[in-house]
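K.L.:
Residue numbers (numbering that gives the first Met the number 0), protein chains in the order written: chain A, 0 to 369; chain B, 0 to 344. For glycine and all other residues, C-beta sits at the position ideal for the given N, C-alpha and C.
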Amino acid sequence: MQALAVVVLLFLFFEVTQNMRSNLSRMNQDFGFAFLSKSAGFDIVQALVPYSTGSSYSRALFVGFLNTLLISALCIVAATFLGFLVGVMRLSKNRLAAGVATLYIEFFRNVPVLLQIFVWYSLVILQILPAPKNALAVFDIAYLSNRGMIMPLPIFGEGAIYGLVGLVSAIVGGLALVFWANYRQNSTGKPFPKFWGSLGLVIVFPFCGLALAGFPITFDVPVRTAFSFSGGLVVVPELMALFLALSIYYATYIAEAVRAGIQAVNHGQTEAAHALGLTRGQTLRKVVIPQAMRVVVPPLISIYLGITKASSLAVAIGYPDLIAIGGTVLNQTGKAIELVSIWMVIYLCISLIMSSLMNWFNNRMKLVER
Amino acid sequence: MKKRILNLAVALGAALLASTQVSASTLDDVKQKGFLQCGVSQGVAGFSIPDAEGKWTGFDVDICRAVAAAIFNDPTKVKFTPLSAKDRFTALQSGEIDLLSRTTTWTMSRDTAMGFMFPATTYYDGQGFMVRKSLGVDSALKLDGAAVCAATGTTTELNLADYFKAHGMKYQGVAIEDSTQLRQAYDEGRCDVLTTEQSILYSQRSSLKQPDDHVVLPEIVSKEPLGPMVRQGDIGWFNIVKWTAFAMLNAEELGITQANVEEMKASTNPEIQRVLGVKNADGTAPGFGPGIGLDEQWAAFIVKGVGNYSEIFERNLGAQSPLKVKRGVNALWKDGGFQYAPPIR
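1. B:Ala-280 by DSSP, collapsed to three states: which one?
2. Assuming B:Val-60 and B:Ser-47 make a contact with CB atoms under 8 Å, what is their CB distance in whole Å?
3. Does the separation of the CB atoms of B:Pro-74 and B:Val-305 fall below 8 Å?
4. Just to confirm, are A:Leu-166 and A:Phe-204 a CB contact at a threshold of 8 Å?
5. What is the DSSP secondary structure of B:Thr-120, counted as helix, strand or coil?
6. In or out: B:Pro-342 buried (at least 16 other Cβ within 10 Å) or exposed?
7. Tell whether a beta-carbon distance below 8 Å holds between A:Ala-256 and A:Ile-302.
8. Say whether chain B places a C-beta atom closer than 8 Å to the C-beta of A:Ser-301.
9. Who are the near neighbours of A:Ile-140 in its chain, counting only those whose CB is closer than 7 Å to its CB and skipping five residues on each side?
10. Do A:Lys-193 and A:Ala-180 have their CB atoms nearer than 8 Å?
11. Can you tell me where the beta strand (DSSP E) with B:Gly-172 in it begins and where it stops?
12. Quick check: is the beta carbon of B:Gln-20 nearer than 8 Å to any beta carbon in chain A?
13. In chain order, what residues of the same chain have a beta carbon less than 7 Å from the beta carbon of A:Ser-71, not counting five sequence neighbours either side?
14. Just to confirm before moving on: does the CB-CB distance between B:Gly-114 and A:Gln-28 stay below 8 Å?
15. Between B:Gly-45, B:Arg-182, B:Thr-194 and B:Pro-49, which has its C-alpha nearest B:Ser-221's C-alpha?
16. Counting only beta-carbon atoms, is B:Val-214 nearer than 8 Å to chain A?
17. Extract the residue ranges of the beta strand (DSSP E) inside the segment 207-239 of chain A, only unbroken runs of 3 or more that lie entirely within it.
18. Terminal residues of the continuous alpha helix (DSSP H) containing B:Phe-46?
19. Label B:Gln-20 either buried or exposed according to how many other C-beta atoms from any shown protein chain fall within 10 Å of its C-beta, with 16 as the threshold for buried.
20. Between the C-alpha atoms of B:Met-0 and B:Ile-199, what's the straight-line distance to the nearest angstrom?
21. By Cβ distance, which residues of its chain are closer than 7 Å to B:Ala-330, with the 5 residues on each side in sequence left out?
22. If we call anything under 8 Å between Cβ atoms a contact, is A:Ala-225 one with B:Gly-144?
23. Go ahead and label A:Cys-348 buried or exposed: buried means 16 or more other beta carbons lie within 10 angstroms of its beta carbon, across all protein chains shown.
24. Since A:Met-357 and A:Val-296 are thought to touch, with beta carbons under 8 Å apart, how far apart are those beta carbons, to the nearest angstrom?
25. Starting from the Cα of A:Leu-198, find the closest Cα among A:Asn-109, A:Ser-168, A:Ala-136 and A:Ile-43 and give me that residue.
26. Ignoring anything shorter than 3 residues, give me the beta strand (DSSP E) runs that lie fully in the segment 134-208 of chain B, in order along the chain.
27. Spatial neighbours of A:Thr-101 within its chain, please: CB distance less than 8 Å, with the 5 preceding and 5 following residues excluded, ordered by chain position.
28. How about B:Arg-189: is its C-beta nearer than 8 Å to some C-beta of chain A?
29. Output, in sequence order along the chain, the residues in the segment 221-253 of chain A whose CB is closer than 9 Å to any CB in chain B.
30. Going along chain B in order, which residues have a C-beta closer than 8 Å to the C-beta of A:Met-26?
31. Between the segment 32-52 of chain A and the segment 150-162 of chain B, do at least 3 Cβ pairs fall closer than 8 Å?
32. Could you check whether A:Ile-116 and A:Phe-228 sit closer than 8 Å to each other, using their CB atoms as the reference points?
33. Closer than 7 Å by beta-carbon distance: list the chain B residues that pair up with A:Ser-121, in chain order.
34. Within the chosen definition, does the segment 111-131 of chain A reach the segment 277-292 of chain A through at least 3 CB pairs nearer than 8 Å?
35. Distance check for B:Thr-89 and B:Leu-16, CA to CA, integer angstroms please.
36. How about B:Thr-102: is its C-beta nearer than 8 Å to some C-beta of chain A?
Written out as structure tokens, the structure reads:
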């Protein structure tokens with residue numbers, strides 16, 4: 000029976016490939032990825048790696064891939080912070096805080112996210128923010144206008160490597176510190192402020208490294224031109240709109256997951272913690288949240304995957320993500336099957352990597368039963 | 000957008016699986032369906048836009064109607080698929096539409112490697128730039144550093160890059176897929192400049208909030224021969240679309256109009272008789288229609304259905320339209336323009 004299924008499957012696969020070949024040849028088309036090395040010829044508004052109109056299609060797709068990762072990462076971080084805050088707020092004894100949180104969740108969760116993207120982009124950013132001529136200026140070095148946010152761009156000169164060395168050693172040192180603090184607490188019961196300790200390391204070490212090299216950092220400060228600005232670090236309005244819309248929308252889901260997680264922790268746990276003399280903050284941080292995480296993490300995985308996939312809504316406003324750039328390449332080359340396969344494989348890989356990371360985290364958070 | 004990608008994937012899947020549906024000719028398919036499926040833009044005044052009653056109108060739309068008239072003697076037997084510049088080629092490739100008539104520029108890669116063919120140039124255009132008058136810019140050469148809005152996946156997006164590079168200027172290119180979204184982004188100040196074919200710029204300007212605050216710069220930076228497009232591999236269908244376009248030009252040249260086409264059938268001018276498929280005194284028919292698989296009176300059907308080239312031009316783009324575009328290079332060859340159709344004989 001299983002053998003039969005395999006045969007049917009193989010036959011179907013064979014039939015599909017044959018069909019594809021014959022249909023393509025009927026249109027004088029062939030299947031292949033050779034087109035990827037041809038020059039793209041179009042410009043991309045936001046590129047994290049050097050890109051010009053002479054770059055190849057594969058480079059253009061790589062730029063799009065990085066833009067997808069960038070927007071996903073930004074939204075995941077922001078939505079997580081906002082979501083935890085609102086989730087805890089919703090359970091607050093303070094009526095006002097709980098009311099604001101409820102209103103926020105019910106409003107933003109129930110309006111389609113594509114609509115929210117349009118509202119942020121067309122109404123808020125393009126129409127409420129001023130034109131570049133009247134840009135809101137911060138000390139004449141950073142500007143906010145409907146062309147986006149423009150800030151001084153730090154340029155690391157020679158010797159900046161010392162700063163990087165400092166940062167790496169700070170991270171290693173911080174990890175060691177946390178390990179040691181946990182060990183000491185387990186054996187002697189004496190706590191150590193490991194968070195502030197490691198944060199201190201991460202700030203002090205790179206600073207010392209840069210100081211040794213004599214601060215080899217210069218800033219590319221934006222200057223006004225006839226049209227808008229030149230130079231500096233530009234955050235395009237498309238990125239701002241997408242970031243706001245996706246973070247705010249998905250934070251509502253995270254908030255609800257957090258609320259469910261906290262409510263799932265037996266009230267007896269809180270009472271026991273209070274009886275042991277832990278403060279309310281300590282109870283929340285050391286007793287309630289660690290147990291709540293067991294319930295929060297599984298839905299969090301699918302929310303993170305959802306954010307990554309929803310970032311493809313970027314095409315609606317022209318943010319150059321993988322789908323938008325892939326679409327332009329498709330349009331110029333006509334290689335539909337090839338590009339759809341590339342999209343599918345890349346999104347599949349991103350999703351699989353993320354879910355395996357989160358599953359690993361989930362396993363760590365699981366209740367250890369002795 | 001997600002839905003569109005899904006549709007695309009489904010269309011591709013269907014194209015892969017549709018082995019039994021592969022048929023010999025697009026003409027047979029169209030006749031069997033009873034209507035022509037035509038891809039047009041999502042709304043560019045003068046070229047293809049739905050009117051107040053939801054009826055599609057415009058120059059590109061009339062090309063579709065002319066082909067339908069040639070086949071069915073009924074210009075209403077068309078269904079329109081509004082497509083973005085980005086989706087148009089996949090739609091034609093996958094067989095979702097029979098004909099693409101969507102201000103598409105005839106280029107070598109599209110005409111060869113991408114698997115399409117351009118039967119005719121129905122509109123000779125060139126790329127231009129539109130800016131706000133308040134910027135005080137009077138030449139495209141003064142656009143260094145500007146933010147420029149262009150439609151995703153168009154020749155204009157590529158020409159833009161070439162033009163700025165050739166003149167050593169920098170720009171910030173904002174590529175937006177939907178033509179309405181593109182216009183809005185420009186109108187709301189996302190860009191200093193909107194670039195596309197010059198005729199479409201005039202059309203887009205007429206749809207802005209304050210059309211008089213904007214000016215189209217004088218420079219034309221590229222050749223944009225626009226025309227309908229078909230799939231490679233069906234030469235019969237290619238000929239039908241090509242000669243539909245030529246029939247409209249020949250009709251204009253011979254003075255055959257929508258109003259006088261019936262009287263013209265009585266004309267003694269052999270050229271007119273040939274175009275209109277009138278039988279000779281001895282009862283022999285000219286046979287040009289059957290030669291491309293259509294009725295003897297195919298060209299008469301076209302003119303009766305939508306008019307000659309001049310009529311569709313003036314109605315949608317020219318004097319009788321709000322756009323008031325001049326014929327210019329799109330005048331007939333004998334009036335000093337580029338429009339020149341080979342004879343029907």
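P.N.:
Inspection of the coordinates gives the following:
1. coil
2. Rounded, the Cβ-Cβ distance is 5 Å, consistent with contact.
3. yes
4. Yes.
5. coil
6. exposed
7. yes
8. no
9. Once the five neighbours on either side are set aside, the close Cβ partners of A:Ile-140 are Pro-151 and Val-220.
10. yes
11. Run containing B:Gly-172: 170-175, per the beta strand (DSSP E) assignment.
12. Low confidence applies to B:Gln-20: its pLDDT is 45, below 50, so where it sits in the model is not reliable, and the reading given next is rough at best. Chain A, which has no Cβ nearer than 8 Å to the Cβ of B:Gln-20, makes this no.
13. The residues are Ile-306, Thr-307 and Ser-310.
14. Closer than 8 Å, so yes.
15. B:Thr-194
16. So, not an interface residue.
17. Counting only runs of 3+ residues, the beta strand (DSSP E) found wholly inside the segment 207-239 of chain A occupies 216-219 and 232-234, in chain order.
18. Neither: B:Phe-46 is in no alpha helix (DSSP H) and is coded neither H nor E.
19. Bear in mind that the predicted position of B:Gln-20 carries a pLDDT of just 45, short of 50, making it too unreliable to give a figure here.
20. At B:Met-0, the pLDDT of 49 sits below 50, so the modelled position is not reliable; the number obtained from the coordinates is stated separately. Their Cα atoms are separated by approximately 24 Å.
21. Gly-336 and Gln-338
22. When the beta-carbon positions are compared, A:Ala-225 and B:Gly-144 come within less than 8 Å of each other.
23. Result: exposed.
24. 7 Å
25. A:Ser-168
26. Those beta strand (DSSP E) runs which fall completely within the segment 134-208 of chain B and span 3+ residues are 145-150, 170-175 and 192-196.
27. Sequence-distant partners of A:Thr-101 (beyond 5 residues in either direction) whose C-beta falls short of 8 Å from its own C-beta, in its chain, are Arg-89.
28. yes
29. Thr-224, Ala-225, Phe-226, Ser-227, Phe-228, Ser-229, Val-233, Val-235, Pro-236 and Glu-237
30. Gln-92, Gly-114, Arg-230, Gln-231 and Gly-232
31. yes
32. No, they are not a contact pair.
33. Gln-183 and Glu-187
34. no
35. Only weak support exists for where B:Leu-16 lies, its pLDDT of 49 falling under 50; the value from the coordinates is given anyway. Approximately 16 Å between the Cα atoms of the pair.
36. Chain A, which has no Cβ nearer than 8 Å to the Cβ of B:Thr-102, makes this no.
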